[in-house]
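*Asks:* Shown below is the structure under consideration.
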Amino acid sequence: MKDTELFQLAMGLVPPWQVMQCAFDKAQGRLDISIGFVRGGTFVCPGCGRAGCKAYDTEERTWRHLNFFQYETYLHARVPRIQCEGCGIKVVNVPWARPGSGFTLLFEALIMALAAQMPVQALARIVREHDTRLWRVLDHYVAAARAKADFSAVEQVGVDETASRRGQNYVSLFVDLERSQVIFACAGRDAATIGLFKQDLIAHGGAAAAVSEVCCDMSPAFISGIEEQFPQAHLTFDKFHVLKIVNEAVDKVRRQEQASRPELTKTRYVWLKNPEHLTVLQAATVERLSMKKLKLKTARAYHLRLVFQEFWGQAQEEAEVFLRRWYSWAVRSRLPPIREAAATIKRHWSGILRWFESRVSNGILEGINSLVQAAKARARGYRTARNLITMIYLIAGKLDFSLPT
Ligand SMILES: [Zn+2]
124 MKDTELFQLA
134 MGLVPPWQVM
144 QCAFDKAQGR
154 LDISIGFVRG
164 GTFVCPGCGR
174 AGCKAYDTEE
184 RTWRHLNFFQ
194 YETYLHARVP
204 RIQCEGCGIK
214 VVNVPWARPG
224 SGFTLLFEAL
234 IMALAAQMPV
244 QALARIVREH
254 DTRLWRVLDH
264 YVAAARAKAD
274 FSAVEQVGVD
284 ETASRRGQNY
294 VSLFVDLERS
304 QVIFACAGRD
314 AATIGLFKQD
324 LIAHGGAAAA
334 VSEVCCDMSP
344 AFISGIEEQF
354 PQAHLTFDKF
364 HVLKIVNEAV
374 DKVRRQEQAS
384 RPELTKTRYV
394 WLKNPEHLTV
404 LQAATVERLS
414 MKKLKLKTAR
424 AYHLRLVFQE
434 FWGQAQEEAE
444 VFLRRWYSWA
454 VRSRLPPIRE
464 AAATIKRHWS
474 GILRWFESRV
484 SNGILEGINS
494 LVQAAKARAR
504 GYRTARNLIT
514 MIYLIAGKLD
524 FSLPT
């Protein structure tokens, strides 16, 4: 068997395409494979699919292919142009690459597989290509896969934001809560992003009226956007974010009190953790500082927080009574930060109680967000929000890329 036949088999080339020549350059560390077509071979029109079109001239093209061991491998071919009766002059499609790409399909499949696992910058160094070229490949497959995605079954949506660059720019993530899938991501975190999501949902076969539950934090922009774009959806405020309001109030009480009570120094985290997560030493600190005779406001605020947390463990029929009782206790607490938190809770009353009907939370989003943040940290940030969004779809979009294997 000649080496050209071997490569022809390995590449799965079928007539009229055939490997004409292989040039191996050990010093340059590269292998160049030339592909041609048999004289008189005919081609399919890329425009209309008409078969039997004859080549009328050719254009020289090069593609980066999978390495042959450590040697960079390039394919070269004179790609025929045909004259189709219906479509005019067209460059034919080659079976090893998609139109316009400088990489073969198998090389692109390698990029896609590795990009989900490592920073694109690092991948670019390994394959010795500029990362802009790799991003172009990622963008293409993500866009193509998203174009085919069907969101007609989407009924429960969670929305949250993630910081794109040093906490300055934000990207909003929309997740199908039943399928744990990011279905939309866009720059910004205002009411308009909700409108963009709705358009995209409809473009993918979804219906705004089919969305019955939306889970989000208490950001006024999200709330007004959802009320406007999804008027029939019920809002549930994510319990993690609701609890955070009370947690922050406890921390504020501690900060204010610390100025006059030195025993609170370096206790920040013991008040923020749940008792079961405290070390023995931290638990002892909480116990000591909670003694009634010390009259620490922080300890009272902490106790209010612990009780508040039990809200989500109530039976549905008792939840509202529980919340009302907690609220009146909080407003009479003489702890201004706690009273402010209670007022926030009062303003978001029905969306907080809605949890007992919907049982939705953005816990999935927190998980996705930590994957995204880890990828971002590995990549030391992304140059553009667009790159971050592409990466989010790659990691958490559950997209079908239909790649060759
Ligand atoms: Zn045609």
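Numbering (the working numbering), first residue to last: 124 to 528. Yeah, the Cβ is synthetic: ideal placement off N, Cα and C, and Gly gets one too. Being a predicted model, the structure only gives us computed values, none of them experimental.
Among Y392, V280 and T255, whose alpha-carbon lies nearest the alpha-carbon of S335?
*Replies:* V280
*Asks:* Given that a residue counts as buried once 16 or more other Cβ atoms are within 10 Å of its Cβ, and exposed if not, what is Q496?
*Replies:* exposed
*Asks:* May I ask you to report which of helix, strand or coil DSSP gives L229?
*Replies:* helix
*Asks:* Would you call the CB atoms of I205 and A178 closer than 8 Å?
*Replies:* yes
*Asks:* Give me the Cα-Cα distance between D323 and G474, rounded to the nearest whole angstrom.
*Replies:* 25 Å
*Asks:* What are the uninterrupted segments assigned as alpha helix (DSSP H) that are 4 or more residues long and contained completely in the stretch 436 to 504, given in chain order?
*Replies:* 439 to 454, 459 to 470, 472 to 476, 478 to 481 and 486 to 501
*Asks:* Could you tell me the boundaries of the alpha helix (DSSP H) in which F192 lies?
*Replies:* Here F192 belongs to no alpha helix (DSSP H), and DSSP marks it neither H nor E.
*Asks:* Of all residues in the structure, which have a C-beta closer than 6 Å to any heavy atom of ligand 1, taken in chain order?
*Replies:* C168, G170, C171, R173, C207, G209 and C210
*Asks:* Give the DSSP-derived three-state secondary structure of R288 in the structure shown.
*Replies:* strand
*Asks:* I'd like to check one pair, A308 with S295: are the Cβ atoms closer than 8 Å?
*Replies:* yes
*Asks:* Once the 5 residues before and after A422 are set aside, which same chain residues still bring their CB inside 6 Å of it?
*Replies:* Non-local beta-carbon contacts of A422 in its own chain, meaning distances under 6 Å to residues more than five positions away in sequence, involve L412 and S413 in chain order.
*Asks:* Mapping the DSSP letters down to three states, classify K213 as helix, strand or coil.
*Replies:* strand
*Asks:* So, does the stretch 381 to 401 touch the stretch 455 to 468, judging by three or more C-beta pairs under 8 Å?
*Replies:* no
*Asks:* Whether or not the stretch 325 to 342 and the stretch 472 to 486 are in contact is what I'm after, with contact meaning three or more pairs of Cβ atoms, one per stretch, closer than 8 Å; do they touch?
*Replies:* yes
*Asks:* Closest to R256 by C-alpha separation, out of T127, E231, L404 and F363, would be which residue?
*Replies:* E231
*Asks:* Look at the alpha carbon of F445 and the alpha carbon of S484, and state the distance between them as a whole number of angstroms.
*Replies:* 20 Å
*Asks:* Quick one: measure Cβ to Cβ for L358 and I346, integer angstroms, because I've assumed they're closer than 8 Å.
*Replies:* 7 Å
*Asks:* Ordered along the chain, which non-local residues of its own chain (more than five positions away) have a Cβ less than 7 Å from that of Q439?
*Replies:* F479
*Asks:* Counting only the same chain and skipping the five closest in sequence on each side, list residues whose C-beta sits under 7 Å from that of A332.
*Replies:* Q355
*Asks:* Tell me the rounded alpha-carbon separation between C210 and E278.
*Replies:* 44 Å
*Asks:* Taking the alpha carbon of E301 as the point to measure from, which residue in N292, A276 and G318 has its own alpha carbon closest?
*Replies:* A276
*Asks:* Helix, strand or coil: how does DSSP classify R204 here?
*Replies:* Looking at R204 - three-state DSSP - the assignment turns out to be strand.
*Asks:* Going by DSSP, what residue range makes up the alpha helix (DSSP H) through S347?
*Replies:* P343 to Q352
*Asks:* Please report how far the alpha carbon of I234 lies from the alpha carbon of Y197, in whole angstroms.
*Replies:* 16 Å
*Asks:* What three-state label does DSSP hand F360 in the structure shown?
*Replies:* strand
*Asks:* With H, G and I counted as helix, E and B as strand and the rest as coil, what does DSSP make of W219?
*Replies:* Note: W219 maps to coil in three-state DSSP.
*Asks:* With H, G and I counted as helix, E and B as strand and the rest as coil, what does DSSP make of D148?
*Replies:* Assigned with DSSP and collapsed to three states, D148 falls in strand.
*Asks:* What does a CB cutoff of less than 6 Å around N467 pick up in its chain, not counting 5 residues either side in sequence?
*Replies:* The sequence shown places Thr at residue 467, not Asn. Counting only Cβ-Cβ distances below 6 Å, and skipping sequence neighbours, we find I368.
*Asks:* Given 8 Å as the limit, is there contact between the stretch 360 to 375 and the stretch 423 to 437, that is, 3 or more CB pairs closer than that?
*Replies:* yes
*Asks:* Please identify the residue among A245, E351, Q304 and G329 whose C-alpha is closest to the C-alpha of T316.
*Replies:* E351
*Asks:* Which residues in the same chain as K420 place their Cβ atom closer than 7 Å to its Cβ, once the five residues preceding and following it in sequence are excluded?
*Replies:* Take K420, set aside five residues on each side of it, and the residues of its chain with a beta-carbon closer than 7 Å to its own are V376, E380 and L458, in chain order.
*Asks:* Determine, using beta carbons only, whether V214 and I491 come nearer to each other than 8 Å.
*Replies:* no
*Asks:* How about R153 and E195: do their beta carbons lie closer than 8 Å?
*Replies:* yes
*Asks:* Does the count of Cβ pairs from the stretch 257 to 266 and the stretch 503 to 519 closer than 8 Å reach three?
*Replies:* yes
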